[in-house]
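Engineer: Here's a structure for you.
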Amino acid sequence: MASYLIPEPTESISGKSYTGSLLFTNNNRKYYALKLNPDDHTEKWWAIGMIARMGGWYKPIVVSTVQDYASTMSDDENRPYKASISFEYDGIQYYVSSYTSALQSFSGSQNIPTCETTYSVADTDSSMTEAGKKLIDLYVADGGELPEREKDPQKYLLSEPTAETSKVLALGTRTGLGNLLISQNAEQYSFKPDGSTEEWWAIGMIAHNGNYWHPMVVSNTKEYSYSFSTKYYPNNDPLSNNTASFEYEGKIYHASFGAFGSTGNSSVLTSAKIPVYTATKSTNIEEMAKILIGLHLAEGGTLPGKKSAFEPMEYETIGWKNDGPPDISAEYLGKMDETIGKLCTNLNIAHEELEADIQELAETIGAITTTQF
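Read in my numbering, the sequence shown has 189 at position 179, and its numbers run on one by one without any break.
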């Protein structure tokens, strides 16, 4: 019986510079899942796949937690199709392959199962997301285990522009430094104006407003919340338009979501230098900015002025079995002591922070009561 789990690619594709894992053959063509840019990744390989009917065509659906692991191609294609659609499912972000040569009929041999559901192709994003979620459900129902993804607190952080590593940006009165965010019709950069003295903190992603892909930049400092475009700017001002300020957990943040030189072309997904977010399309800047903050926090990132006091714990199971006397060597007992010690430290920190929050709340209530009476 074919498995949804795709083996790690090891097969050289004839005439290509890619290594693939064979999904199926049809009409003397071979269709593969790929592991793109292997030197750029330390993540363990994990991908699942099925053959689905999208409208009137058959095509492989491949899902992974790593964008470069959710890519497909056939041996008669010149280039791979990199996953361009992502979705969140049970708190984890997945990528799903968006296209490879479609088949009007399917009669070949296969290494992945065929799904009985037929998906609409009227809306590519929604139909591919639906197919991706269905694939995950089928895989889990078949006894498969979903991967545990390592968090990356640096994923959405925009590095501070410096004279040593960044591009000098200048147009009219706008002069400063920036790091490339994406190349579209124009190059779009983060922006740190000359003479700025505030501590740098900014997060960013590429997102869609329904018409165009824009850099979404959020910062606690307004002058750091813009992107800088190299052309197509009106009034000789290269800084992004469409901005908003909003409150989040008692602090004011600033965001821009609209940059001159943006495009609606999906090629931005291969030219972006920061994460690309596809699950929600909206012109509401505050909504998109709060999504970005949520994604940053979900990766273990912190907000400016807030540092995690908790000590991260790495837990390794002891591996005792009920088949004889347990191994109570010094090594295993040491591991238990270390883990219990970290747990107690975090419990103490949580208790202290809770007491501080209660005290702050009591003082606030007291101040309100005093003012009113």
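A virtual CB, placed ideally from N, CA and C, is assigned to each residue, including glycine.
This structure is a prediction, so every number in the text was calculated from the model and none was measured.
Enumerate in chain order the residues of its own chain whose CB-to-CB distance from TRP210 is below 7 Å, with the five nearest sequence positions on each side excluded.
Structural biologist: So the list reads GLU170, LYS202 and TYR234, once near-sequence residues are dropped.
Engineer: Please confirm whether TYR42 and LEU145 have their CB atoms less than 9 Å apart.
Structural biologist: Going by C-beta atoms, TYR42 is not nearer than 9 Å to LEU145.
Engineer: Identify every residue that forms a DSSP beta bridge with GLU98.
Structural biologist: Answer is GLN103, bridged to GLU98.
Engineer: Tell me the DSSP secondary structure of ALA62 in three-state form.
Structural biologist: ALA62: strand per DSSP, three-state reduction.
Engineer: Quick one, are the C-beta atoms of THR139 and ALA308 less than 9 Å apart?
Structural biologist: No, Cβ-Cβ distance for THR139 and ALA308 is not below 9 Å.
Engineer: On the DSSP bridge assignment, give the partners of LEU15 in chain order.
Structural biologist: BP columns for LEU15 point to ILE58.
Engineer: Near LYS232, which residues of its chain fall below 8 Å by C-beta distance, leaving aside the five closest residues on each side in sequence?
Structural biologist: Cβ within range, chain order: SER255 and HIS264.
Engineer: Report the rounded CA-to-CA distance for ILE192 versus ILE303, giving the unit in angstroms.
Structural biologist: Rounded to whole angstroms, ILE192 to ILE303 spans 20 Å at the Cα level.
Engineer: Where does ALA360 sit, in a helix, a strand or coil, going by DSSP?
Structural biologist: Three-state DSSP puts ALA360 in a helix.
Engineer: Count the other C-beta atoms from every protein chain shown that fall within 10 angstroms of the C-beta of SER130, then say buried if there are 16 or more, exposed otherwise.
Structural biologist: It is exposed - the Cβ of SER130 has fewer than 16 other Cβ atoms within 10 Å.
Engineer: Would DSSP call LYS92 helix, strand or coil?
Structural biologist: If DSSP states are grouped into helix, strand and coil, LYS92 belongs with coil.
Engineer: ALA43 by DSSP, collapsed to three states: which one?
Structural biologist: ALA43: strand per DSSP, three-state reduction.
Engineer: Roughly how many angstroms separate the alpha carbons of ILE58 and ASN245, rounded to a whole number?
Structural biologist: Going from the Cα of ILE58 to the Cα of ASN245 covers about 50 Å.
Engineer: What did DSSP end up calling LEU313 once you bin it into helix, strand or coil?
Structural biologist: Three-state DSSP puts LEU313 in coil, outside helix and strand.
Engineer: Kindly indicate the opening and closing residues of the beta strand (DSSP E) around GLN264.
Structural biologist: Rather than Gln, the amino acid found at residue 264 in this sequence is His. 261–267 is the span of the beta strand (DSSP E), which, as asked, contains HIS264.
Engineer: Can you grab the Cα-Cα spacing for the pair SER318 / THR312, in whole Å?
Structural biologist: Residue confidence is low: SER318 scores 48 on pLDDT, short of 50, so the model does not pin down where it sits. Its coordinate-derived value is still stated next. Going from the Cα of SER318 to the Cα of THR312 covers about 7 Å.
Engineer: In chain order, what residues of the same chain lie with their CB nearer than 6 Å to the CB of TYR242, ignoring the 5 residues before and after it?
Structural biologist: Cβ within range, chain order: ALA196, PHE270 and GLY271.
Engineer: In its own chain, which residues sit with a C-beta less than 7 Å from the C-beta of SER206, not counting the 5 before and 5 after it?
Structural biologist: Cβ neighbours of SER206 beyond the five flanking positions: GLU233.
Engineer: Note down the Cα distance separating THR216 from LEU156, rounded to an integer number of angstroms.
Structural biologist: Residue identity check: residue 216 is Ile in the sequence provided, not Thr. Cα to Cα, ILE216 sits roughly 27 Å from LEU156.
Engineer: Return yes when the Cβ of TRP56 is within less than 9 Å of the Cβ of ARG74, no when it is not.
Structural biologist: In the sequence under discussion, the amino acid at residue 74 is Ser, which differs from the Arg named in the question. The answer is yes: Cβ separation under 9 Å.
Engineer: For the putative contact between SER266 and ASN252, defined by C-beta atoms under 8 Å, what is the C-beta separation to the nearest angstrom?
Structural biologist: SER266 to ASN252, Cβ: 6 Å. Contact.
Engineer: Where does SER250 sit, in a helix, a strand or coil, going by DSSP?
Structural biologist: Here SER250 sits in coil by DSSP.
Engineer: Return the residue from the list LEU187, ALA212, LEU179 and GLY268 that minimises the CA-CA distance to TYR222.
Structural biologist: Residue GLY268 is the option with its Cα nearest to TYR222.
Engineer: Apart from the five residues just before and just after GLN382, which ones in its own chain have a Cβ nearer than 8 Å to its Cβ?
Structural biologist: With a pLDDT of only 47 at GLN382, under the threshold of 50, the placement of this residue in the model should not be trusted; the figure read from the coordinates follows. Excluding sequence neighbours, GLN382 sits near nothing in its chain.
Engineer: I need the boundaries of the alpha helix (DSSP H) containing GLY153, first residue and last residue.
Structural biologist: Premise fails: GLY153 is in no alpha helix (DSSP H) and is neither H nor E.
Engineer: Tell me the residue span of the alpha helix (DSSP H) that contains ALA308.
Structural biologist: Its alpha helix (DSSP H) spans residues 295–308.
Engineer: Note the first and the last residue of the continuous beta strand (DSSP E) segment covering PHE238.
Structural biologist: Its beta strand (DSSP E) spans residues 237–239.
Engineer: Determine the DSSP secondary structure at VAL278, reduced to helix, strand or coil.
Structural biologist: Helix.
Engineer: Per DSSP, what kind of secondary structure is SER272 in: helix, strand or coil?
Structural biologist: Coil.
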